[in-house]
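So the protein sequences, as listed, match chains F and H. The first sequence lines up with residues 1 to 205 when you count with my numbering. The second sequence lines up with residues 206 to 745 when you count with my numbering. First the structure, in the form of structure tokens, and then the observations on it.
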Amino acid sequence: MKPENAKLEPTKPVAHDARGIAKVALGVVFAAFLLGFAMVPIYRIACEHVLGIRMSGEAADAAQVALMTEDKSRTIAVEFVANVNSKLPWTFKPENARIEIHPGALTEVWFDASNLSDAAIVGNAVPSVAPAEASPFFNKTECFCFTEQTLDAGESRRMPVRFVVDPQLPKETKTLTLSYTFYANELATKQLSVVPVPVAGVAKN
Amino acid sequence: MAHAAVHDAHNDTHDHKPQGFLNRWLFTTNHKDIGTLYLVFALVMFFTGGSMAMVIRAELFEPGMQLVQPEFFNQMTTIHALVMIFGAVMPAFVGLGNWMIPLQIGAPDMALPRMNNWSFWILPFAFVLLLSTLFMNGGGPQGGWTLYPPLALQGGNSIAFVIFAIHMMGISSIMGAINIIATILNMRAPGMDLLKMPIFTWSWLITAFLLIAVMPVLAGAVTMLLTDKYFGTSFFNAAGGGDPVMFQHIFWFFGHPEVYIMILPAFGIVSEIIPTFSRKPLFGYQAMIYAVASIAFLSFIVWAHHMFSVGMPLGGELYFMYATMLIAIPTGVKVFNWVTTMWEGSLTFETPMLFAIAFVILFTIGGFSGLMLAIVPADFQYHDTYFVVAHFHYVLVTGAVFAIMASVYYWLPKWSGNMYSERWGKIHFWMSVISVNVLFFPQHFLGLAGMPRRIPDYNVAFADFNMISSIGGFWFGLSQLLFVGVIVHAVYFSKNRATSQVWEGAKGLEWTVPSPAPHHTFTVPPVIDDSMLAHGDVTH
Numbered sequence: 001m002k003p004e005n006a007k008l009e010p011t012k013p014v015a016h017d018a019r020g021i022a023k024v025a026l027g028v029v030f031a032a033f034l035l036g037f038a039m040v041p042i043y044r045i046a047c048e049h050v051l052g053i054r055m056s057g058e059a060a061d062a063a064q065v066a067l068m069t070e071d072k073s074r075t076i077a078v079e080f081v082a083n084v085n086s087k088l089p090w091t092f093k094p095e096n097a098r099i100e101i102h103p104g105a106l107t108e109v110w111f112d113a114s115n116l117s118d119a120a121i122v123g124n125a126v127p128s129v130a131p132a133e134a135s136p137f138f139n140k141t142e143c144f145c146f147t148e149q150t151l152d153a154g155e156s157r158r159m160p161v162r163f164v165v166d167p168q169l170p171k172e173t174k175t176l177t178l179s180y181t182f183y184a185n186e187l188a189t190k191q192l193s194v195v196p197v198p199v200a201g202v203a204k205n
Numbered sequence: 206m207a208h209a210a211v212h213d214a215h216n217d218t219h220d221h222k223p224q225g226f227l228n229r230w231l232f233t234t235n236h237k238d239i240g241t242l243y244l245v246f247a248l249v250m251f252f253t254g255g256s257m258a259m260v261i262r263a264e265l266f267e268p269g270m271q272l273v274q275p276e277f278f279n280q281m282t283t284i285h286a287l288v289m290i291f292g293a294v295m296p297a298f299v300g301l302g303n304w305m306i307p308l309q310i311g312a313p314d315m316a317l318p319r320m321n322n323w324s325f326w327i328l329p330f331a332f333v334l335l336l337s338t339l340f341m342n343g344g345g346p347q348g349g350w351t352l353y354p355p356l357a358l359q360g361g362n363s364i365a366f367v368i369f370a371i372h373m374m375g376i377s378s379i380m381g382a383i384n385i386i387a388t389i390l391n392m393r394a395p396g397m398d399l400l401k402m403p404i405f406t407w408s409w410l411i412t413a414f415l416l417i418a419v420m421p422v423l424a425g426a427v428t429m430l431l432t433d434k435y436f437g438t439s440f441f442n443a444a445g446g447g448d449p450v451m452f453q454h455i456f457w458f459f460g461h462p463e464v465y466i467m468i469l470p471a472f473g474i475v476s477e478i479i480p481t482f483s484r485k486p487l488f489g490y491q492a493m494i495y496a497v498a499s500i501a502f503l504s505f506i507v508w509a510h511h512m513f514s515v516g517m518p519l520g521g522e523l524y525f526m527y528a529t530m531l532i533a534i535p536t537g538v539k540v541f542n543w544v545t546t547m548w549e550g551s552l553t554f555e556t557p558m559l560f561a562i563a564f565v566i567l568f569t570i571g572g573f574s575g576l577m578l579a580i581v582p583a584d585f586q587y588h589d590t591y592f593v594v595a596h597f598h599y600v601l602v603t604g605a606v607f608a609i610m611a612s613v614y615y616w617l618p619k620w621s622g623n624m625y626s627e628r629w630g631k632i633h634f635w636m637s638v639i640s641v642n643v644l645f646f647p648q649h650f651l652g653l654a655g656m657p658r659r660i661p662d663y664n665v666a667f668a669d670f671n672m673i674s675s676i677g678g679f680w681f682g683l684s685q686l687l688f689v690g691v692i693v694h695a696v697y698f699s700k701n702r703a704t705s706q707v708w709e710g711a712k713g714l715e716w717t718v719p720s721p722a723p724h725h726t727f728t729v730p731p732v733i734d735d736s737m738l739a740h741g742d743v744t745h
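Shown next as structure tokens:
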């Protein structure tokens, strides 16, 4: 403001100066920018703890699974879906599209993948369980999705999934769908060509 | 009114305008000049984005591929949206805020004038960056303005240009918002209490808070896109353990407040114009402020209604449905208050009033279709169809854009010192209001019948309504040339000098300074008398 304004006594004293307000506002801007990134963990926490969706792709706790007893009085259907991302020249399908099981029983199913290209490629399978609310009850003890899979040129592989459905699964859930999508792991594939190690079986890193 | 006499005398001798084109415009720190720059820039961008809309409507005139390749069509839809949102509507509102807020609160200028200059002059560079992608190999972005991964990351390197352009636009609007907050909180003339401020200033204060809270979130989201594409991160990359749906959550956490950023100042404008031409104080001044504040708050907690079909748990869908419908309450308060302001008023229908009344009616139609979209089971049918396109064009074109046009007609005599041609203003209004309905109303039917948005070709079943819509589109586009004609005539050729008061029923500090408003105003704070304020006695 111009100095001549000082002569006029304001009826209400001005509490802040413009720079002070701008600094506080900049603080808000910075906090909002951080909030954008904080949403990444917030999203995971909200999905897992508020909405009850299992986000982790890790093996279920073996001790906990061992305590589950088979509930022969109940039968549920489990369906299997296999997709391949368009950038990955593989085929991938379940050996059974649908099975019927009792909750609590350890079940093994097999998936087949083939590399159609003339080069070794590393792929990662990303799992998903529908309905999402049932995902905490679907316990995998063994899965090809826990590790990277390297298929040599033209190689085919049979891969197992072992799982136990928790008998606590809500009564209204009668069908579970386990779906996988295989994606090319471009970084790991690039490293294959740098260090040409003949890989057989499951690659470990 | 002593200060007005001082101004007149002062103005007669010299106006302190900087000499030379560069000094006047490039280095300006004057709120009026910067406001003018923003408004001219917004008009240029309105025609840039509008010409892209003409390409879209021309291709959709008939089923089949006629004029452009699908890739180019997708670039048109994507860039049309980015240009209209960030280049036309938002800069127009910032320009109006720059021009009018200091005049409405009796401040000599904006609080941070040099930052004001910077926040404008970033914008042309941001849009050169964005539009330059159209001339590069591979063309511009094609994945839609929402930039959903993985699609947005599967195109060429134009996405990097878009991301940096969005960063620059974000910095520009954040600086503009900080300036407006500092100006309103710090520069009000003595006696201009917060609850005496003109309603346009109030709506801008709330909008500015929305801007500083959500533009940085958008900056974060696009930064994550950038690192996903170029630096091997997997925020949204499912192959690496990320989640593409998370982008939609972060984007719409920005996006929903953003759509209110584009409508709240319009509410303010209409709340200024309707009392003037009804010759009555605004009905429910405080209710209007609380309604705007409630809408602003609710905008933060409804974002997932943009993504009902991603596979949310039922509880989430119900919550977002009811929270969204809650917004209809404060919005209804506003609509009823505008109608009640007109009730038993001495109405006259000059061009600004015509646009304001059209705003109230047509924005309400857009609001109703928004309520329809908020119903989860119905949304599964409407999602990503032309019904959504019709909805957001009703709230953005007949809402935000009509309010901006109303404000230009309302304040142009104050800016230029000349009256525009009322006859041609009315012709512009009637051409616009009829054509815009021919353009967008049939799109409701197309959407209900299942026509998806963002497609260059469609089933022949949709042919007739698309042709009607395209005819409305060309008609609306051409009508806007009248708008430019009326403005150019008023600024350079009109012989009809405006008085300080301009409109018989106009109240508020901006009408106490001469027309055109001198380069410097309120260098001495005005003495405020409650009878000068548009909303009358608010101390009851």
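Backbone N, C-alpha and C define an ideal beta-carbon position, used for all residues, glycine too. It should be emphasised that the depicted structure is a prediction, and the values quoted were computed from it without experimental measurement.
Tell me the residue span of the beta strand (DSSP E) that contains residue i.
{"i": "I101/F", "result": "98-101"}
{"i": "M159/F", "result": "156-165"}
{"i": "K222/H", "result": "No beta strand (DSSP E) holds K222/H; DSSP gives it neither H nor E."}
{"i": "T717/H", "result": "Per DSSP, T717/H belongs to no beta strand (DSSP E) and is neither H nor E."}
{"i": "E142/F", "result": "138-143"}
{"i": "W90/F", "result": "90-94"}
{"i": "D112/F", "result": "106-115"}
My understanding is that residue i touches residue j, with C-beta atoms under 8 Å, so please give their C-beta distance in whole angstroms.
{"i": "Y43/F", "j": "N124/F", "result": "Not really, about 21 Å apart at Cβ, beyond 8 Å."}
{"i": "M656/H", "j": "T590/H", "result": "6 Å"}
{"i": "V427/H", "j": "I368/H", "result": "5 Å"}
{"i": "I310/H", "j": "R393/H", "result": "5 Å"}
{"i": "P160/F", "j": "C145/F", "result": "That belief does not hold up - the Cβ atoms of P160/F and C145/F are roughly 11 Å apart, past 8 Å."}
{"i": "L339/H", "j": "Q280/H", "result": "7 Å"}
{"i": "V691/H", "j": "Y615/H", "result": "Not confirmed; about 13 Å, so no contact."}
{"i": "L415/H", "j": "I466/H", "result": "5 Å"}
When the Cα of residue i is compared with those of the options, which residue comes out closest?
{"i": "I284/H", "options": "P307/H, V260/H, W230/H", "result": "V260/H"}
{"i": "I566/H", "options": "G604/H, Y495/H, F459/H", "result": "G604/H"}
{"i": "F458/H", "options": "W508/H, D433/H, I468/H, F488/H", "result": "W508/H"}
{"i": "A286/H", "options": "G255/H, W230/H, G240/H", "result": "G255/H"}
{"i": "H633/H", "options": "V515/H, P557/H, G361/H", "result": "P557/H"}
{"i": "L747/H", "options": "P354/H, T406/H, H461/H", "result": "This structure does not reach residue 747/H, given that chain H is present from 206 up to 745, and the question cannot be answered."}
{"i": "T529/H", "options": "W543/H, H511/H, T717/H", "result": "H511/H"}
Count the other C-beta atoms from every protein chain shown that fall within 10 angstroms of the C-beta of residue i, then say buried if there are 16 or more, exposed otherwise.
{"i": "A119/F", "result": "exposed"}
{"i": "W620/H", "result": "buried"}
{"i": "R54/F", "result": "buried"}
{"i": "P170/F", "result": "exposed"}
{"i": "N115/F", "result": "buried"}
{"i": "I411/H", "result": "buried"}
{"i": "K190/F", "result": "exposed"}
{"i": "E715/H", "result": "buried"}
{"i": "A210/H", "result": "Confidence at A210/H is low in this model, with a pLDDT of 44, below 50, so the placement of that residue should be treated as unreliable; the coordinate-derived value is given next. Under this definition A210/H is an exposed residue."}
{"i": "R206/F", "result": "Past the edges of chain F, shown from 1 to 205, lies residue 206/F, and the structure says nothing about it."}
{"i": "D662/H", "result": "exposed"}
{"i": "N322/H", "result": "buried"}
{"i": "A207/F", "result": "Since the first residue shown for chain F is 1 and the last is 205, residue 207/F is missing from the structure and cannot be characterised."}
{"i": "P275/H", "result": "exposed"}
Under 8 Å: does the beta carbon of residue i sit that close to some heavy atom of the ligand MN?
{"i": "S684/H", "result": "Ligands in the displayed structure: none, and consequently the ligand MN is not present."}
Could you give the first and the last residue of the continuous alpha helix (DSSP H) run that contains residue i?
{"i": "Q586/H", "result": "581-587"}
{"i": "E522/H", "result": "519-531"}
{"i": "D238/H", "result": "236-264"}
{"i": "F182/F", "result": "Where F182/F is concerned, there is no enclosing alpha helix (DSSP H), although the beta strand (DSSP E) it sits in stretches over 175-184."}
{"i": "L423/H", "result": "404-435"}
Proximal residues, the region 505-519 of chain H versus chain F, C-beta separation under 9 Å: Hits within the stretch, in order: G516, M517, P518, L519.
Interface residues of the region 451-463 of chain H facing chain F [CB-CB below 9 Å]: Per Cβ criterion, the list reads M451, H454, I455, F458, F459.
Cβ-based contacts, 8 Å cut-off: residues of the region 164-185 of chain F near chain H: Answer in chain order: T181, Y183, A184, N185.
Interfacial residues, the region 130-154 of chain F to chain H, with Cβ spacing under 9 Å: For the region 130-154 of chain F, residues whose beta-carbon sits nearer than 9 Å to a beta-carbon of chain H comprise A130, P131, A132, E133.
Cβ-based contacts, 9 Å cut-off: residues of the region 423-437 of chain H near chain F: The region 423-437 of chain H vs chain F, Cβ under 9 Å: L423, A424, G425, A426, T428, M429, G437.
Chain-ordered residues of the region 78-108 of chain F with a beta carbon less than 8 Å from chain H: Of all residues in the region 78-108 of chain F, the ones placed with a Cβ closer than 8 Å to any Cβ belonging to chain H are N85, in chain order.
Residues, ordered as in the chain, of the region 357-380 of chain H that lie near chain F by beta-carbon distance below 8 Å: Under the 8 Å Cβ criterion, the region 357-380 of chain H contributes I379.
Proximal residues, the region 27-54 of chain F versus chain B, C-beta separation under 7 Å: Judged by its chain identifiers, the structure shown contains no chain B, and its protein chains are F and H.
Selection of the region 309-343 of chain H by Cβ proximity to chain F, strictly under 8 Å: Listed in sequence order: P313, A316, L317, M320.
Contacting positions in the region 523-536 of chain H - beta carbon closer than 9 Å to chain F: With the criterion set as a beta carbon lying under 9 Å from some beta carbon of chain F, the region 523-536 of chain H has no members that meet it.
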